[in-house]
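What follows is a short report on a single structure.
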Amino acid sequence: MPTLTSPVSEESEIVAEQFDDIDQQRSAAQLGMWIFLATEVLFFGGLFLSYTVYRFTYGQVFVEASRRLDVILGGTNTAVLLVSSLLMALAVRAAQLDRRLLLVRLLVGTALLGLVFMSIKAVEYHTDYVDHLIPGTRFHWAGADPRKAELFFWLYFGMTGLHAIHVTVGIGVLLVLALLACRGRFAAGNYNPVEISGLYWHFVDIVWVFLFPLLYLVGHR
Amino acid sequence: MEKAVDPKIYFRTCIALLALLALTWITAYVDLGPFNLIAALAIAITKAILIALFFMHIKGSSRLLHLAALAGVMWLLILIALTLADYATRR
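Quick note, the sequences are listed as chains A and B, same order. So the first sequence is numbered by our numbering: it starts at 6 and just counts up by one. So the second sequence is numbered by our numbering: it starts at 49 and just counts up by one.
What follows is the structure, given as structure tokens:
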């Protein structure tokens, strides 16, 4: 809720000691987040590299293994994350405009779509478990080259698992932000946490944008 | 403080992203040979650029942020290119 105190006293409360003004604080926060995201690109990059090498080496087995994944559920999940990114972008805008109720609703909405994503992922993982597609002693592959197919599923679970951890962290961050927004923490231009958490959420969305075609749509179906 | 942009931009971006998702889905059912992978990657890269430009506000942000955003991608490309320079040329 906007307060009636002068902007100067507000700014002195929300700008940390080491910054000249709120703009400098904001650009520092953004640069820091983008550098963190660059490290995240390389964190996922190792898995994407392994995927590239093994798809290059065992192309045909990867095509067959990929067909065992549920493209309807995977595609739906892509749409869910894309729409959640829309809500997140609108949430940052609501924070910029100091519209507290809208901000809380959009943050909770984004978190709920994150939960929908995780629920669909849980259904997929359960089906994989029932079908003996989880790598390990119970892994069963009727076709040729079971070891190579198992390698595809190692990569599938490694990549989607690491991504799912990121979504889970994101949901937690969004719910904490919603709670803080309820208390008016982001009033009067102090919306840095919302903005950089938004960058994180969009990044997680981008990772899935690559995971979906690479894992679910190997070769044509 | 950055000014809030017209929300229409976000809605249009989202519609474009969903349209590209439909496109990638449809092309997966057409046999294009090696171009299936190229098409899928091209669409994914387009989607990533749209998200970065409009949702993540790379459009309209400082050059310093452009540099930070590109740095991660550049290192990933170096990682993949140099590794494939080995694997792709083995006999």
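For glycine and all other residues, C-beta sits at the position ideal for the given N, C-alpha and C. Since the structure is predicted, the reported quantities are computational estimates derived from the model, not experimental observations.
- When CB distances to chain B are screened at a threshold of 9 Å, the residues of the stretch 40-65 of chain A falling below it are I40, L42, A43, T44, E45, V46, L47, F49, G50, G51, F53, L54, T57, V58, R60, F61 and T62, in chain order.
- When the beta-carbon positions are compared, B:A92 and B:T72 come within less than 9 Å of each other.
- By alpha-carbon distance to A:E200, the top candidate from B:G81, B:H105, B:T75 and B:A70 is B:H105.
- The DSSP-derived three-state label of A:K126 is helix.
- At the C-beta level, A:T57 and B:T137 stay beyond 9 Å of one another.
- Under the three-state reduction of DSSP, B:L80 is assigned to coil, being neither helix nor strand.
- Taken through DSSP and simplified to helix, strand or coil, A:D28 comes out as helix.
- For B:M104, there is no enclosing alpha helix (DSSP H), as DSSP gives it neither H nor E.
- Here A:H145 is exposed. Its C-beta has fewer than 16 other C-beta atoms within 10 Å.
- The shortest CA-to-CA distance from A:L167 to any of A:F49, A:L108 and A:R73 is the one to A:F49.
- Within chain A, V214 have C-beta atoms less than 7 Å from the C-beta of B:K95, given in sequence order.
- When rounded, the separation of the alpha-carbon atoms in B:D79 and A:V66 is 17 Å.
- Contact annotation: in the stretch 76-108 of chain A, residues whose CB is within less than 8 Å of a CB in chain B are V76, G80, T83, A84, L87, V88, S90, L91, M93, A94, L95, R98, Q101 and L102.
- Distance from A:V172 to A:M123 at the Cβ level is roughly 6 Å; contact confirmed, criterion being Cβ atoms closer than 8 Å.
- Within the stretch 97-128 of chain B, I99, A100, F102, F103, M104, S109, S110, L112, L113, A116, A117, A119, G120, V121, W123, L124, L127 and I128 place their CB atoms closer than 8 Å to a CB of chain A, listed in sequence order.
- Within the stretch 95-140 of chain A, the alpha helix (DSSP H) runs of at least 4 residues that lie entirely inside it are, in chain order, 105-135.
- Between the stretch 146-157 of chain A and the stretch 77-86 of chain A, the count of Cβ pairs shorter than 8 Å is below three; the stretches do not touch.
- For the pair A:F158 and A:D133, the CB atoms are nearer than the 9 Å cut-off.
- Counting along the chain, no alpha helix (DSSP H) covers A:Y196, and no H or E run does either.
- No residue range can be given for A:E22, since it is assigned to no alpha helix (DSSP H) and is classified by DSSP as neither H nor E.
- Contact check for A:G175 against A:G114 fails: the beta carbons are separated by 9 Å or more.
- Between the beta-carbon of A:V214 and that of B:K107 there is about 18 Å, and that puts the pair past the 8 Å contact cut.
- Classified as exposed, A:R72 has fewer than 16 neighbouring CB atoms from the shown chains inside 10 Å of its CB.
- Residues of the stretch 156-173 of chain A with a Cβ closer than 8 Å to any Cβ of chain B: none.
- It is roughly 9 Å from the alpha-carbon of A:V46 to the alpha-carbon of A:F208.
- Apart from sequence neighbours up to five positions away, the residues of its chain that approach B:F103 with a beta-carbon distance below 8 Å are Y58 and T61, ordered along the chain.
- Look at A:F217: its C-beta is under 9 Å from a C-beta on chain B.
- Per DSSP, the unbroken alpha helix (DSSP H) holding B:W123 starts and ends at R111 to Y135.
- Counting along the chain, the unbroken alpha helix (DSSP H) around A:K153 starts and ends at P151 to C187.
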